[in-house]
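Student: Quick one: the structure is below, questions incoming.
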Amino acid sequence: MAKRPAPEINAGSMADIAFLLLIFFLVTTTMDVDTGITRILPPPVKNKNENVDVKERNVLKVLINSHDLMLVNGKPANVDNLTEKVVDFMSLHPNNKAYPEVQAKYIPELGKKVLMSKGIVSLKNDRGTSYQMYIKVQDAIAKAFNILKDQQSLKYYGVKYKELVDPKKIKTINKLVPIRVSEAEPENVGGGD
Amino acid sequence: MSKFKTTKTKSSPGINTSSLPDIIFMLLFFFMVTTSMRQNSPLVKYTLPTATQVQKLEKKSLVSYIYVGQPVDKALGTKSRIQLNDSYATVKDIPEFISRERQARNEADRKLLTTSLKVDEHTKMGIVTDIKQELRKVNALKINYSTRKVLKN
Chain A
375 MAKRPAPEIN AGSMADIAFL LLIFFLVTTT MDVDTGITRI LPPPVKNKNE
425 NVDVKERNVL KVLINSHDLM LVNGKPANVD NLTEKVVDFM SLHPNNKAYP
475 EVQAKYIPEL GKKVLMSKGI VSLKNDRGTS YQMYIKVQDA IAKAFNILKD
525 QQSLKYYGVK YKELVDPKKI KTINKLVPIR VSEAEPENVG GGD
Chain B
4 MSKFKTTKTK SSPGINTSSL PDIIFMLLFF FMVTTSMRQN SPLVKYTLPT
54 ATQVQKLEKK SLVSYIYVGQ PVDKALGTKS RIQLNDSYAT VKDIPEFISR
104 ERQARNEADR KLLTTSLKVD EHTKMGIVTD IKQELRKVNA LKINYSTRKV
154 LKN
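Order-wise, the sequence lines are chains A and B.
Using this note's numbering, the letters of the first sequence map in sequence onto residues 375 to 567.
Using this note's numbering, the letters of the second sequence map in sequence onto residues 4 to 156.
Set out below in structure tokens:
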């Protein structure tokens, strides 16, 4: 009996199956984009007794206690309106004693002197504060500074800060709106980690 | 006179596609191999807090990670622990960790090293503050509080 050759298997659809698998992998594997709030820590203090004199009116004190409650300049406050408060505080009020001092600073990129606030946001938290609350406060402050940057960017370049493309312009705005957030040395008041 | 078959119909031969699946499989394996699922296997549970004003962390090669959260292993209790490089650590180990991370990078990049803090949202600030103080001591000042991005808090 003559041997019949085995019939050829049609593998045409195999490619489709492999494609399906490939696309599934492409879609499901996240490239894991890390996002977060970037901050620069203050450099280590060399001389502990060195006291930097900052005028009372230039500081917006934000305190968070171990029960995640907040005080802004001695008054109870809420995270929801912290952004407004910071924007209000850091905006320029040249002749108002209740607001931080203003100072004319020469910005070489703009070629002129620009009034800048001397205000500082001072953030102080307890060891018992939850990280979630801390991030919420940091986020609210970051939002306030982004609003201020948008204001300056709209004023000088007519577009929002995020839409700026020229790195020089971005740098200028960053110079005009420095993120002045100081984090005080931690305290253990509420007790316990 | 049928020495030369002239009556044969001239249809174009079918293209052999049997190697196409192999090519696609190669692509598939390439993707499976190159996309790293996670750098360190986590020993601590962490759910990142949410924030609206987040920035992307650029230059992944210049980032060192510090994880803080409850241990995955229940036998170790519920107190927040620090994880550095696949093992539990204490705050005291951070300077050594940073210097090792610095050694691993070339000279020019060392200044640009960022420390990404992946901290569980229910952690108390005490341990985070300790980490920050240690980082300040070794001059690793650029930090990133890792958060999930949301549009509204």
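For every residue, glycine included, the Cβ atom is placed at its ideal position computed from N, Cα and C.
(1) On the CB-based measure, 16 or more other CB atoms within 10 Å of its CB, does Ala143/B come out buried or exposed?
(2) Anything in chain A within Cβ reach of Phe28/B, meaning under 7 Å, just list it in chain order.
(3) From the DSSP output, read off the bridge partner residues of Pro479/A.
(4) Beta carbons nearer than 9 Å to chain B: which residues of the region 494-513 of chain A have them?
(5) Tell me which residues share the same chain as Gly140/B and place their Cβ nearer than 7 Å to its Cβ, disregarding the 5 neighbours each side in the sequence.
(6) For Ser496/A, collect the residues of the same chain with a Cβ closer than 7 Å to its Cβ; drop the 5 residues on either side in sequence, then sort them by chain order.
(7) How many Å lie between Thr150/B and Ser504/A at the Cα?
(8) At 3 residues or longer, and completely inside the region 66-115 of chain B: list those beta strand (DSSP E) runs for me, N to C.
(9) With distances taken Cα to Cα, identify the nearest neighbour of Tyr508/A among Lys377/A, Asn439/A and His467/A.
(10) State the Cα-Cα distance for the pair Ile101/B and Gly410/A, rounded to the nearest angstrom.
(11) Taking Lys517/A as the query, report the chain B residues whose CB atoms sit under 8 Å from its CB, ordered along the chain.
(12) Would you identify the three-state DSSP class for Thr55/B, choosing helix, strand or coil?
(13) Taking 9 Å as the cut-off, decide whether the C-beta atoms of Thr126/B and Gly80/B are in contact.
(14) State yes or no: is the C-beta of Lys510/A within less than 9 Å of the C-beta of Val446/A?
(15) How is Tyr49/B classed by DSSP in three states: helix, strand or coil?
(16) Can you tell me whether Gly129/B is helix, strand or coil according to DSSP?
(17) Which residues in the same chain as Lys487/A place their Cβ atom closer than 8 Å to its Cβ, once the five residues preceding and following it in sequence are excluded?
(18) Taking the alpha-carbon positions, what's the Tyr535/A to Gln58/B distance?
(19) Quick one: measure Cβ to Cβ for Ile69/B and Lys121/B, integer angstroms, because I've assumed they're closer than 8 Å.
(20) Would you say Arg103/B lies against chain A (beta-carbon separation less than 9 Å)?
(21) Where does Ser64/B fall in DSSP's three states?
(22) Taking Ile411/A as the query, report the chain B residues whose CB atoms sit under 8 Å from its CB, ordered along the chain.
(23) For Arg431/A, which of helix, strand or coil comes out of DSSP?
(24) List the residues of chain B that Phe399/A touches, going by C-beta distances under 9 Å, in chain order.
(25) For Ser64/B, is the classification buried or exposed, using 16 other Cβ atoms within 10 angstroms of its Cβ as the cut-off for buried?
(26) Quick one: what's Leu118/B bridged to in DSSP?
(27) Would Leu23/B count as contacting chain A if we go by Cβ distances under 9 Å?
(28) Alpha carbon to alpha carbon, how far is Met29/B from Gly386/A?
Tutor: On the basis of the coordinates in this document:
(1) Here the question's residue 143/B lines up with position 140 in the second sequence. Classification of Ala143/B: buried, given that the 10 Å Cβ count is 16 or more.
(2) Stepping through the second sequence from its first residue, residue 28/B is reached at position 25. Within 7 Å Cβ-Cβ: Ala392.
(3) By 1-based counting over the first sequence, the position of residue 479/A is 105. A quick correction: the sequence has Lys, not Pro, at residue 479/A. BP columns for Lys479/A point to Val488/A.
(4) Residues of the region 494-513 of chain A with a Cβ closer than 9 Å to any Cβ of chain B, in chain order: Asn499, Asp500, Arg501, Gly502, Thr503, Ser504, Tyr505, Gln506, Met507, Tyr508, Ile509, Lys510, Gln512 and Asp513.
(5) Position 137 of the second sequence, counting from 1, holds the residue named residue 140/B. Here the sequence assigns Lys to residue 140/B, which means Gly is not the residue at that position. Within the same chain, Lys140/B has close Cβ partners Pro98.
(6) The count along the first sequence starts at 1 and reaches residue 496/A at position 122. Exclusion of the five residues before and after Ser496/A leaves Val433, Leu434, Lys435, Val436, Ser556 and Ala558 as the residues of its chain whose Cβ lies within less than 7 Å of its Cβ.
(7) Along the second sequence, one-based indexing puts residue 150/B at 147. Along the first sequence, one-based indexing puts residue 504/A at 130. Using only the alpha carbons, I get a separation of about 14 Å.
(8) Here the runs fully enclosed are 66-74, 84-87 and 90-92.
(9) Counting from 1 along the first sequence, the entry for residue 508/A is found at position 134. Taking only the C-alpha atoms, the option nearest Tyr508/A is Asn439/A.
(10) By one-based count along the second sequence, residue 101/B stands at place 98. By one-based count along the first sequence, residue 410/A stands at place 36. Between the C-alpha atoms of Ile101/B and Gly410/A there is a straight-line separation of about 20 Å.
(11) The count along the first sequence starts at 1 and reaches residue 517/A at position 143. Contact of Lys517/A with chain B by beta-carbon distance below 8 Å involves Thr55 and Gln56.
(12) Here residue 55/B is taken as the residue at index 52 of the second sequence, counted from 1. Note: Thr55/B maps to coil in three-state DSSP.
(13) In the second sequence, the residue the question calls residue 126/B occupies position 123. In the second sequence, the residue the question calls residue 80/B occupies position 77. Using a Cβ distance threshold of 9 Å, Thr126/B and Gly80/B do not count as a contacting pair.
(14) Here residue 510/A refers to the residue found at position 136 of the first sequence. Here residue 446/A refers to the residue found at position 72 of the first sequence. Not closer than 9 Å, so no.
(15) On the second sequence, residue 49/B is found 46 positions in, with the first residue counted as 1. If DSSP states are grouped into helix, strand and coil, Tyr49/B belongs with coil.
(16) Mapped onto the second sequence, residue 129/B falls at position 126. Here Gly129/B sits in helix by DSSP.
(17) Walking along the first sequence from the start, residue 487/A turns up at place 113. Residues of the same chain with a CB within less than 8 Å of the CB of Lys487/A, apart from the 5 flanking positions on each side, are Ala478, Lys479, Tyr480 and Ile481 in chain order.
(18) As a position in the first sequence, residue 535/A is number 161, starting the count at 1. As a position in the second sequence, residue 58/B is number 55, starting the count at 1. The alpha-carbon atoms of Tyr535/A and Gln58/B are separated by roughly 13 Å.
(19) Stepping through the second sequence from its first residue, residue 69/B is reached at position 66. Stepping through the second sequence from its first residue, residue 121/B is reached at position 118. That pair is a contact at about 7 Å.
(20) One-based indexing of the second sequence puts residue 103/B at position 100. Closer than 9 Å: no.
(21) Position 61 of the second sequence, counting from 1, holds the residue named residue 64/B. Ser64/B: helix per DSSP, three-state reduction.
(22) Looking up residue 411/A in the first sequence gives position 37. Within chain B, the residues placing a beta-carbon under 8 Å from that of Ile411/A are Ala54, Gln56, Val57, Gln58, Asn147, Tyr148 and Thr150, ordered along the chain.
(23) As a working mapping, residue 431/A is identified with position 57 in the first sequence. Three-state DSSP puts Arg431/A in a helix.
(24) Here residue 399/A refers to the residue found at position 25 of the first sequence. Simply Leu31, Phe34, Met35 and Thr38.
(25) Mapped onto the second sequence, residue 64/B falls at position 61. Counting Cβ neighbours within 10 Å, Ser64/B comes out exposed, since fewer than 16 surround it.
(26) Taking the second sequence and counting its residues from 1, one reaches residue 118/B at position 115. Leu is not the amino acid found at residue 118/B; the sequence shown has Thr there. In the DSSP output, where bridge partners are listed per residue, Thr118/B has Ser67/B and Ile146/B.
(27) In the second sequence, counting from the first residue as 1, residue 23/B sits at position 20. When Cβ-Cβ separations below 9 Å define contact, Leu23/B makes contact with chain A.
(28) What you label residue 29/B is simply residue 26 of the second sequence in a count that begins at 1. What you label residue 386/A is simply residue 12 of the first sequence in a count that begins at 1. C-alpha separation (whole angstroms): 17 Å.
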